[in-house]
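At position 14 of the sequence shown the residue is numbered 14 (the working numbering), and the sequence of numbers has no breaks. The C-beta atom is built at its ideal place from N, Cα and C for all residues, glycine as well. Remember, it's a predicted structure, so these values are computed and weren't measured experimentally. First comes the structure, then the notes that go with it.
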Amino acid sequence: MNIIRKVRLNFDSLDELLLFLQIFFLITILPFLIKLLSIPRLMKTLTPETRKSNGALIHRELKDKIVKYTDYILSRNFLVYKSSCLKRSLTLYHFLRKVDIDIQICFGIRYKKFFVGGKGKKKIEGHAWLLHNDEVFLEPNEDMTRTYKMTYCFPENNESKDKDNRPGVH
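What follows is the structure, encoded as structure tokens:
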């Protein structure tokens, strides 16, 4: 009975519940897809055929729901439902493109210095984020994202813009 009440309080329609379940399913299988597929193959698999929505309001409402559900599931911090920039970015990429929001997913690296026994060491760190209109999109910490050097972006921008002028590239 408690579950039914929570569903009624958090979902205004069956479509919203189905969207939540689809996001939950994708997050559940993502670790397996990441291990089994190369990055280009994974990106082709996660890039949906787009469907046109009925306007900006629906775009914004769907975008907000997709972000809300994704962040909620990843905040559970249990088994595969632990938050990571990769899972979050891949999930948002898939579902936002599905509702015809033109975004790219980018991957980058940086060196992080740390000290062991008084000696400085460097370690490579990776990060994934989204771009919309060549701007960092839906990222909790845009400034931190800009400290990463972009190594791969999908889909590649076919315009004649210089890749080194995009956010996150140094």
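Exercise for review: Quick one: residues in its chain with C-beta nearer than 7 Å to the C-beta of phenylalanine 137, no 5 flanking neighbours on either side, listed in chain order?
Suggested key: Numbered from its first residue, the sequence shown carries residue 137 at position 137. Excluding positions up to five away in sequence, the list reads Ile103, Leu130, Leu131.
Review point. Which value, in whole angstroms, describes the spacing of the CA atoms of lysine 149 and leucine 9?
Key: For the purposes of this step, residue 149 is identified with residue 149 of the sequence shown, where counting begins at 1. For the purposes of this step, residue 9 is identified with residue 9 of the sequence shown, where counting begins at 1. So the alpha carbons of these two residues sit roughly 42 Å apart.
Check your understanding: Can you round the beta-carbon distance between phenylalanine 95 and isoleucine 23 to whole angstroms, since I take them to be within the 8 Å contact cut?
Key -> As a working mapping, residue 95 is identified with position 95 in the sequence shown. As a working mapping, residue 23 is identified with position 23 in the sequence shown. Indeed they touch by this definition, with Cβ atoms about 6 Å apart.
Review point. For the ligand SAH, any of its heavy atoms closer than 8 Å to the Cβ of phenylalanine 25?
Key: Ligands in the displayed structure: none, and consequently the ligand SAH is not present.
Check your understanding: Can you find at least 3 beta carbon pairs, one from the stretch 78-87 and one from the stretch 35-42, that sit closer than 8 Å?
Key -> no
Practice item. Just the C-alpha distance for aspartate 134 and glutamate 156, rounded to the nearest angstrom, thanks. Key: Here residue 134 refers to the residue found at position 134 when the sequence shown is read from its first residue. Here residue 156 refers to the residue found at position 156 when the sequence shown is read from its first residue. Computed Cα separation, rounded: 11 Å.
Practice item. Assign leucine 14 to buried or exposed, taking buried as 16 or more other Cβ atoms, counted over all protein chains shown, within 10 Å of its Cβ. Key: One-based indexing of the sequence shown puts residue 14 at position 14. Classification of leucine 14: exposed, given that the 10 Å Cβ count is below 16.
Practice item. Measure the CB-CB distance between leucine 26 and threonine 91 and report whether it falls below 9 Å. Key: Counted from its first residue, the sequence shown places residue 26 at position 26. Counted from its first residue, the sequence shown places residue 91 at position 91. Cβ atoms of leucine 26 and threonine 91: closer than 9 Å.
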